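Peer 1: Sending over a structure as structure tokens; questions will come in a sec.
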Amino acid sequence: MGRKAVVKPPPPPIPPTTVAVVNRKGGCSKTSTCYHLSGAFSQMGYRVLLVDLDPQANLTQGFFGPVATEELPPQKTALAVFRDDLEPLPEKVILSTPFENISIVAGASALEDFNRSEPTKAGQLQTALRMFLAEASGSFDITLLDCPPNLQLCTWNALIAANFVLVPLQPEDFGAQGITAIQRFIDLALQTQNNQLRMLGYLVTMRQRLALHDVYETQLRTLYGSKVFTAPFPNKKDFKESVAARKPVHLYKPRAAAAKDITAIAEEIIARVPAALAQPPEFLHIENRLGVGAATNADTTSTIAEVA
Ligand SMILES: Nc1ncnc2c1ncn2[C@@H]1O[C@H](COP(=O)(O)OP(=O)(O)O)[C@@H](O)[C@H]1O
Ligand SMILES: [Mg+2]
């Protein structure tokens, strides 16, 4: 008798989940969050679609390397979603990665041409990603949208196409991250284009054992309570090494503590989705919550002096 193949039972079904991963600051783990979560979710048996909306295309490079990423023809990248002269056919635009259950819409440097700074004036281009995903995301359980480090048209597309938003925050440097500008931008999407957009949570990233990090994390949890993920995304060299090896940490070192850290975040997302859906969507910025100011299109390039 041959050995029977072990067939994993399918994971518990989850409601359609499309998460925009947003922060206007670079280097706060947006891409790493998408990358490593794709590994965790795929190991759980979920089918994951990643969309790389950053002209820097770091997420795509994490799977294919910089040269192959640069050589992708436009019709096989997110450009096909935005360019008038290209037809965004899901079967062409969605690429397989070397890993089971992880697919990707690749980033491309020419996305910069579309990433304009006044996104609300972009007409039909605002809903390009939503139109594409309406057709494409049904074949996936979880779609993660990796955004560039600004609040411009690519991020705006993500907020209009998503039903959830996740904000990675380093527990330092709150000024550069501009939490209130991010909240206003999300609120504007909720008010004008996407009345189903819900906050999934703030994720504390690159967490180190530093007194400074303790102070900021405590402050964040005091201000935003249960909106802050219980599970942090700690700073560990395994995350960097696995990116260098072009494998999400679950496929690089599945038994490492780093993989368990990401599993905890993935499990918290799975638990948060139905809980968030049970509540009506709500504004995030205090002025919008209190109704003292309509969700205004904040000048997202200004440096609003704020702590949080
Ligand atoms: N938790 C972490 N531990 C160690 N290194 C990290 C972690 N998160 C991100 N990095 C590293 O920090 C850099 C910036 O992270 P990245 O995810 O690209 O940020 P963003 O997409 O917000 O610009 C990358 O080199 C990445 O490998
Ligand atoms: Mg990035």
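The sequence shown finishes on residue 1551 if you use my numbering, and the numbering steps up by one all the way, no holes.
Where is the CB? At the ideal position from N, CA and C, for every residue including glycine.
The structure presented is a predicted model; accordingly, all values stated were derived computationally and were not measured.
#1: What first and last residue would you give for the alpha helix (DSSP H) that runs through residue 1516?
#2: By DSSP, does residue 1463 sit in helix, in strand, or in coil?
#3: List the residues that DSSP assigns as beta-bridge partners of residue 1293.
#4: Would you check whether ligand 2 has a heavy atom nearer than 7 Å to the C-beta of residue 1400?
#5: Could you work out which residue in 1490, 1475 and 1500 is closest to residue 1272 when comparing CA atoms only?
#6: Look at the alpha carbon of residue 1296 and the alpha carbon of residue 1455, and state the distance between them as a whole number of angstroms.
#7: Tell me whether residue 1274 counts as near ligand 4, meaning its Cβ is closer than 7 Å to at least one heavy atom of that ligand.
#8: Does the distance from the CB of residue 1353 to the CB of residue 1402 come in under 8 Å?
#9: Is residue 1382 helix, strand or coil by DSSP?
#10: Helix, strand or coil for residue 1253 per DSSP?
#11: Hey, how far is the Cα of residue 1532 from the Cα of residue 1524?
#12: Quick one: any contact between the stretch 1434-1449 and the stretch 1412-1426, if contact means 3 or more CB pairs under 8 Å?
#13: With a threshold of 6 Å on Cβ separation, who are the neighbours of residue 1535 within its own chain once the five nearest residues in sequence on each side are excluded?
#14: Run through DSSP, which three-state label would residue 1309 get?
#15: Applying the criterion that 16 or more other CB atoms from any shown protein chain within 10 Å of the CB defines a buried residue, is residue 1490 buried or exposed?
#16: Does the beta-carbon of residue 1439 have 16 or more other beta-carbons within 10 angstroms, so that it is buried, or is it exposed?
#17: With H, G and I counted as helix, E and B as strand and the rest as coil, what does DSSP make of residue 1339?
#18: Using the beta-carbon count (16 or more within 10 Å), is residue 1305 buried or exposed?
#19: State yes or no: is the C-beta of residue 1299 nearer than 7 Å to some heavy atom of ligand 2?
Peer 2: To lay it out plainly:
#1: For the purposes of this step, residue 1516 is identified with residue 273 of the sequence shown, where counting begins at 1. According to the DSSP assignment, residue 1516 belongs to the alpha helix (DSSP H) that extends over 1500-1520.
#2: Here residue 1463 corresponds to residue number 220 of the sequence shown, with the count starting at 1. Three-state DSSP puts residue 1463 in a helix.
#3: As a first step, residue 1293 must be located in the sequence shown, where it is residue number 50. Per DSSP, 1347 and 1387.
#4: As a working mapping, residue 1400 is identified with position 157 in the sequence shown. Not under cutoff, so the answer is no.
#5: Along the sequence shown, read from residue 1 onward, the residue named residue 1272 stands at position 29. Check the Cα spacing between residue 1272 and each of 1490, 1475 and 1500: the tightest is with 1475.
#6: Taking the sequence shown and counting its residues from 1, the one referred to as residue 1296 is at position 53. Taking the sequence shown and counting its residues from 1, the one referred to as residue 1455 is at position 212. Approximately 32 Å, taken between the alpha carbons.
#7: Among the ligands in the structure shown, ligand 4 does not appear; only ligand 1 and ligand 2 can be found there.
#8: Translated into the one-based positions of the sequence shown, residue 1353 becomes position 110. Translated into the one-based positions of the sequence shown, residue 1402 becomes position 159. For residue 1353 and residue 1402, no; Cβs fall outside 8 Å.
#9: Here residue 1382 refers to the residue found at position 139 of the sequence shown. Here residue 1382 sits in helix by DSSP.
#10: Here residue 1253 refers to the residue found at position 10 when the sequence shown is read from its first residue. If DSSP states are grouped into helix, strand and coil, residue 1253 belongs with coil.
#11: For the purposes of this step, residue 1532 is taken as residue 289 along the sequence shown, with counting starting at 1. For the purposes of this step, residue 1524 is taken as residue 281 along the sequence shown, with counting starting at 1. If I take the Cα positions, the gap works out to 11 Å.
#12: Yes: at least three Cβ pairs fall under 8 Å.
#13: Translated into the one-based positions of the sequence shown, residue 1535 becomes position 292. Excluding residues within five positions, none has a Cβ falling inside 6 Å.
#14: The count along the sequence shown starts at 1 and reaches residue 1309 at position 66. Residue 1309 falls in the helix class under three-state DSSP.
#15: For this step, residue 1490 is matched to residue 247 along the sequence shown. So residue 1490 ends up on the buried side.
#16: Numbered from 1 along the sequence shown, position 196 holds the residue referred to as residue 1439. Its Cβ having fewer than 16 others within 10 Å, residue 1439 is exposed.
#17: Taking the first residue of the sequence shown as position 1, residue 1339 is located at position 96. Here residue 1339 sits in strand by DSSP.
#18: Your numbering for residue 1305 matches position 62 in the sequence shown. Under this definition residue 1305 is a buried residue.
#19: Position 56 of the sequence shown, counted from the start, is the residue given in the question as residue 1299. It does: the Cβ of residue 1299 is within 7 Å (strictly closer) of some heavy atom of ligand 2.
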